[in-house]
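S.K.: Each residue of the sequence shown is one higher than the one before, starting from 1 at the first, in the numbering used here.
For every residue, glycine included, the Cβ atom is placed at its ideal position computed from N, Cα and C.
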Amino acid sequence: MKRIVAILLIVLCFTLSACSALSLEEEDILAVPKASGDESEVISLIASNFSSSFELVYPLSGANKNAVTICDTGKDVIEAIAVFRTKDEPGTAELLFARKINDSFTYLGSSAIPTNVIDRVDFADLDGDGKREILVGYQGASSSLKSIAIYRTEDEISVTDVTACYSRCVLGDFNSDGADEVLCVTTGAASEPPFATLMGYHPDRGLLPIADCELNPEAQEIENLLFGNIAEDIPGVMIDERLESGAYTTEALYYDKGQKLLINPLFIFETAENAERSEKLLSKDINNDGILEIPTVEKAPIPENAVENAFCNIVVWKDLDFSSYSMQEKKTALICPDGKYTFTLTEDKKDCITAQYSEEERKMTLYSLDFDREDTQLSHELLYIKAYSRDDYQENKVIEAKLYELSAEVYTFLITNSDDEYAFTDTEVEKSFEILQGS
Ligand SMILES: [Ca+2]
Ligand SMILES: [Ca+2]
Ligand SMILES: [Ca+2]
């Protein structure tokens, strides 16, 4: 289905009356950041083709958070899309398309979407012809689900619109044919479990479903969707979810070309281990080997008769091994109970160390363990990590070494024993400490 933008604009004119009552949400109109040369050139096209009174609109989800996106489309053509709102049409997101010709950006055309929220803007080759199309995800007025508009920028700008199709979505080449598919996940329908639909793009027919499957019925919210290899040579997606109970878990999905099905391998693994955890940890490629890992959480070793809740948990990052249908450990780390950081434990140390946490002092203390006795006991205190507010750090005579600085706080450490078999060096501490992004 191909429609030229002019026709779309006429259609939108009829729907705008319903949308004009919507109030402008301040949080999705941010201040204009300092623009690069290319960006400011595209922004100046807005002023010359529309109005000088506009505000840029930033996508809320996806990897691209820019109001002006500049992309090499794959065929030696550089194109740009700018998303903005004019004061006259507060319930409308305007899209401006431009192409770089002879080193400067030329206005190609525009489109308008009746929405207050732009969810995502992606350049992706959806039909596999080597040139990237532009996908815009947006919140429609009449559904809790978001809609997708796909723009082709050839001789004329054409658009395919798919209404109310996702809560969260991710793009990726799920069937290794060179074209990106869109995996749409819907959540929140009271009577139905969360649902995943893999959709492929056809230039004349738009987005069409390829395969679908139900997700964990207890999943209430999708925290993150991450496309990548879920095992060696198996492209797929890790879906991190918040459950009704408040805990988090992960599901993995891949497309089986032979069976033409979306498969959830954690359901078929004979030794499917439970990825459920109380900590909000998201799947990622923790060891940079190109394969995504799932975080699982275990209790750190606890001495006999110790108070359990004073000890930290351990996050074990695991990936899916299809040869053994099990999950394999890739990295182990202590996790601070406030969820702010992890501390990696290398293979030689991971089973011989535990950590206590004092919430009052914001202090994690690491101990080696003594296994020689009948009952496991703490052997030596090795080091501690302590968080200070920036004011406290500046006002007090801090004896610890600085480890990491954030705008509001400073992380420090002190090695208290360097003779123990499992003692750490300064360099090891610095390498092991990792702030959890997004927490
Ligand atoms: Ca294409
Ligand atoms: Ca594909
Ligand atoms: Ca990995």
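#1: Between Ser283, Phe413, Cys71 and Ile210, which has its C-alpha nearest Thr153's C-alpha?
#2: In this structure, does DSSP put Ser147 in helix, strand or coil?
#3: Which residues does DSSP pair with Ala93 in a beta bridge?
#4: Using C-beta distances below 7 Å, list every residue in its chain close to Asn417, excluding the 5 sequence neighbours before and after it, in chain order.
#5: Could you name the residues of the same chain whose beta carbon sits closer than 8 Å to that of Arg362, not counting the 5 residues immediately before and after it, in chain order?
#6: Helix, strand or coil, according to DSSP, for Thr427 in the structure here?
#7: Less than 7 Å between the C-beta atoms of Thr464 and Ser167, yes or no?
#8: When you measure from the CB of Asp127 to every non-hydrogen atom of ligand 1, does any distance come out below 6 Å?
#9: Check whether the Cβ atoms of Ser432 and Thr332 sit closer than 7 Å, and answer yes or no.
#10: With three or more beta-carbon pairs closer than 8 Å as the criterion, would you say the stretch 362-372 touches the stretch 280-298?
#11: At a threshold of 6 Å, does Asn216 count as lining ligand 2 (C-beta to nearest heavy atom)?
#12: Considering only heavy atoms of ligand 3, does any lie closer than 6 Å to the CB of Ile291?
#13: Pick out whichever of Gly91, Ser111, Leu96 and Ser110 has its Cα sitting closest to the Cα of Val117.
#14: On the criterion of 16 or more Cβ atoms from any shown chain inside 10 Å, does Ile335 qualify as buried, or is it exposed?
#15: Should Glu181 be counted as a contact of ligand 2 given a C-beta to heavy atom distance under 6 Å?
#16: Can Asn287 be considered in contact with ligand 3, in the sense that its beta carbon sits closer than 6 Å to one or more heavy atoms?
#17: With a threshold of 8 Å, are at least 3 pairs of Cβ atoms found where one atom belongs to the stretch 216-223 and the other to the stretch 231-241?
#18: Less than 7 Å between the C-beta atoms of Ala179 and Asp127, yes or no?
#19: List, from N- to C-terminal side, the beta strand (DSSP E) runs of 3 residues or more that fit wholly inside the stretch 123-203.
#20: If we ignore side chains and look at the alpha-carbon of each, how far apart do Phe227 and Asn64 end up?
#21: From the DSSP output, in three-state form, read off Leu45 for me.
#22: Between Asp129 and Ala310, what straight-line distance do the alpha-carbon atoms span, to the nearest angstrom?
#23: Which residues bound the beta strand (DSSP E) around Tyr254?
#24: The alpha helix (DSSP H) spanning Arg390 covers which residue range?
M.R.: Looking at the atomic coordinates:
#1: Cys71
#2: strand
#3: Ile113
#4: Excluding residues within five positions, the ones whose Cβ falls inside 7 Å are His380, Glu381, Leu382 and Ala423.
#5: Asp338, Lys386, Ala387 and Tyr388
#6: In the three-state scheme derived from DSSP, where H, G and I count as helix and E and B as strand, Thr427 is classed as helix.
#7: For the chain, the structure presents residues 1 to 439; residue 464 sits outside this window and is missing.
#8: yes
#9: no
#10: no
#11: Outside the cutoff, so no.
#12: Yes, since a heavy atom of ligand 3 falls inside the 6 Å radius drawn around the Cβ of Ile291.
#13: Gly91
#14: buried
#15: yes
#16: yes
#17: yes
#18: Yes, they are a contact pair.
#19: If we require 3 residues or more, the beta strand (DSSP E) runs fully inside the stretch 123-203 come out as 133-139, 146-153, 157-166, 168-172, 181-186 and 195-202.
#20: Approximately 15 Å, taken between the alpha carbons.
#21: helix
#22: Roughly 58 Å between the two C-alpha positions.
#23: Element bounds for Tyr254: Tyr248 to Asp256.
#24: If you look at Arg390, you'll find it in the alpha helix (DSSP H) that goes Arg390 to Glu395.
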